[in-house]
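One structure below.
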Amino acid sequence: MNVRKRWGRAGALAACAAAAALAATACVSSGGGGGGGSSESGGWATATSAQAGGGMDALVQAAKQEGQLNVIALPPDWANYGAIIKAFGDKYGITVNSANPEGSSQDEINAVNQLGTQDRAPDVLDLGQAFATGNTQLFAPYQVATWNDIPASNKDANGAWVNDYGGYISIGCNAKLVANCPTTIADLAKPEYKGQVAINGDPTQAAAGFASVWAGALANGGSLDDITPGVNFFGQLAKNGNLLKVDPNAATIESGQTPIVLDWDYTNVAQAEKVKAAFEWKVAVPSDGLFAEFYSQAVNKNAPHPAAARLWQEFLYSDEGQNLWLAGKARPVRLPQMQQAGTATPELVAALPPVQGTAQYPTQAQTDQAKQVVAQQWATATA
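The sequence shown maps to residues -23 to -1, 1 to 360 in mature numbering (1 follows the signal peptide of the UniProt record, and there is no 0).
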């Protein structure tokens, strides 16, 4: 459990494209070209695709010569990033320097601004989409080889940011301590769950916490235009004693301190695997509050290792990289196309929690408005 990627999602996602990538249903992309523009300097710092920079072999050679890649805010237990970093380093012989692994999206943006052109500046970023869409001036446009597989609604038209992986808000539950695990948002209000319900992070700062409030709104008569019912719902949980004022993590789950946790499905499922020898951690995606989001990749325009940064993007959006996210129980953006092509690992797809219904996706304006409401009302509602 991590409280990283604060304010994780914003931006308009077309329903078909976004739902397809998350629910793994078929929806064929129609756009893109494998690279736009060329490098004015002939160097990788301005290359907008591998082709524009001289081809994939040239990119690999240049990245190996650089020998290093700076990443930031990538917890090794988040969406399988530990294995992803190792696989990339082993494949290309590149040392990956991982800074502030428990950091937030704002920490990433701060690092880019504060470190400028220094050698220790981040090369690449993994951001909540609100931060990706709001800081495009900091990023270098880049289109990976699999660009055409990524729906237009899941990427900046020029490649300044591209959605990478996502998931649904889910309910994790310690079946050893909880006799009847909740499967819906409405269940959380039952008296039997007094002192047992936690959300992953302060929703005024953490993406998962914020998304949980929005799920609460959708389950209680709210909408993408009205998150207030979600704030009121958790306020009532706090008043009734059901809501725990504890930020859950692996330790609190394993100790039984947080028996029920709202978090992304990939995080809850990963937790289930960790504790399965001791107890069952059940995971349910609530149909009454179905809410999903993507995170986004971007290349720092001042990346100290520009070739390695672009090779990292190529790796992440390759079948190998996408399957590694899938192994972390996250739903990679190219999943529908990979299933059609037969390149998604079937057993990994089968391990994803089942989803009923169609997720709802807010626009940037709706997200901005919801953020303001939560910032203004959360502390008072849950006091």
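Ideal placement from N, C-alpha and C gives every residue a C-beta, glycine not left out.
7 Å Cβ cutoff met for residue i and residue j
{"i": "phenylalanine 268", "j": "alanine 192", "result": "yes"}
{"i": "glutamine 106", "j": "leucine 201", "result": "no"}
{"i": "valine 196", "j": "glycine 266", "result": "Here residue 196 turns out to be alanine, not valine, going by the sequence shown. Yes."}
{"i": "serine 273", "j": "leucine 104", "result": "yes"}
{"i": "tryptophan 124", "j": "alanine 275", "result": "no"}
{"i": "valine 350", "j": "threonine 181", "result": "no"}
{"i": "leucine 288", "j": "leucine 36", "result": "yes"}
{"i": "glycine 199", "j": "glycine 212", "result": "no"}
{"i": "leucine 221", "j": "serine 189", "result": "no"}
{"i": "threonine 322", "j": "aspartate 296", "result": "no"}
CA nearest to the CA of residue i, picked from the options
{"i": "alanine 247", "options": "Val276, Ser264, Ala137 and Ala227", "result": "Ala227"}
{"i": "isoleucine 62", "options": "Thr344, Ala356, Phe292 and Leu329", "result": "Phe292"}
{"i": "serine 75", "options": "Thr94, Lys68, Val101 and Ala275", "result": "Val101"}
{"i": "tyrosine 142", "options": "Ala356, Gly298 and Gln333", "result": "Gly298"}
{"i": "serine 232", "options": "Lys153, Ala336 and Asp240", "result": "Lys153"}
{"i": "alanine 307", "options": "Gln333, Trp241, Pro263 and Asn112", "result": "Trp241"}
{"i": "residue 365", "options": "Lys348, Ile127, Pro330 and Ser26", "result": "Coverage of the chain is limited to positions -23 through 360, which leaves residue 365 absent and any answer about it impossible."}
{"i": "threonine 335", "options": "Gln38, Val262, Phe210 and Asn112", "result": "Val262"}
{"i": "leucine 325", "options": "Leu303, Pro283 and Gln120", "result": "Leu303"}
{"i": "glutamate 79", "options": "Val89, Val48, Ala64 and Val73", "result": "Val48"}
{"i": "lysine 132", "options": "Tyr294, Ala356 and Cys158", "result": "Tyr294"}
Spatial neighbours of residue i in its chain, beta-carbon cut-off 6 Å, leaving aside the 5 residues before and after
{"i": "asparagine 219", "result": "Tyr170, Lys171 and Val174"}
Where residue i sits in the DSSP three-state scheme
{"i": "proline 225", "result": "coil"}
{"i": "aspartate 202", "result": "coil"}
{"i": "lysine 278", "result": "coil"}
{"i": "alanine -1", "result": "Confidence in alanine -1 is poor, its pLDDT being 45 and thus under 50, which makes the residue's placement too unreliable to answer from."}
{"i": "residue 361", "result": "The requested residue 361 does not occur in the structure, where the chain is confined to residues -23 to 360."}
{"i": "glutamine 349", "result": "helix"}
{"i": "glutamine 120", "result": "coil"}
{"i": "lysine 41", "result": "helix"}
{"i": "glycine 10", "result": "Only weak support exists for where glycine 10 lies, its pLDDT of 36 falling under 50; the value from the coordinates is given anyway. Coil at glycine 10, not helix or strand."}
{"i": "asparagine 90", "result": "helix"}
Limits of the alpha helix (DSSP H) - the one that residue i falls within
{"i": "residue 371", "result": "What the structure shows of the chain is the stretch from -23 to 360, and residue 371 is not part of that stretch, so it cannot be assessed."}
{"i": "glycine 59", "result": "58 to 69"}
Spatial neighbours of residue i in its chain, beta-carbon cut-off 7 Å, leaving aside the 5 residues before and after
{"i": "glycine 178", "result": "Val(-21), Ala185, Gly186 and Asp224"}
{"i": "alanine 285", "result": "Ala40, Glu43, Gln45, Leu46, Ile71 and Asp100"}
{"i": "glycine 19", "result": "Because glycine 19 carries a pLDDT of 43, less than 50, the predicted location of this residue cannot be relied on, and no value is offered for it."}
{"i": "alanine 109", "result": "Trp138, Ser273 and Ala275"}
{"i": "residue 363", "result": "What the structure shows of the chain is the stretch from -23 to 360, and residue 363 is not part of that stretch, so it cannot be assessed."}
{"i": "glycine 305", "result": "Ala56, Asn57, Tyr243 and Ala247"}
{"i": "aspartate 203", "result": "Ala194"}
{"i": "tryptophan 355", "result": "Pro180, Thr181 and Val208"}
Extent of the continuous beta strand (DSSP E) run through residue i
{"i": "threonine 244", "result": "Careful: threonine 244 lies outside any beta strand (DSSP E), inside the alpha helix (DSSP H) at 242 to 252."}
{"i": "tryptophan 258", "result": "258 to 261"}
{"i": "valine 101", "result": "101 to 105"}
{"i": "glycine 298", "result": "Where glycine 298 is concerned, there is no enclosing beta strand (DSSP E), although the alpha helix (DSSP H) it sits in stretches over 296 to 304."}
{"i": "glycine 266", "result": "Taken as a continuous stretch (DSSP letters only), glycine 266 belongs to no beta strand (DSSP E), as it is neither H nor E."}
{"i": "glutamate 284", "result": "The question names glutamate, but residue 284 is alanine in the sequence shown. Taken as a continuous stretch (DSSP letters only), alanine 284 belongs to no beta strand (DSSP E), being part of the alpha helix (DSSP H) at 283 to 293."}
{"i": "valine 326", "result": "Run containing valine 326: none in the beta strand (DSSP E); it sits in the alpha helix (DSSP H), 323 to 327."}
Within-7 Å CB hit, residue i to chain C
{"i": "glutamine 28", "result": "Here chain C cannot be found, since the structure has a single protein chain."}
8 Å Cβ shell around residue i - same chain, five flanking residues per side excluded
{"i": "lysine 253", "result": "none"}
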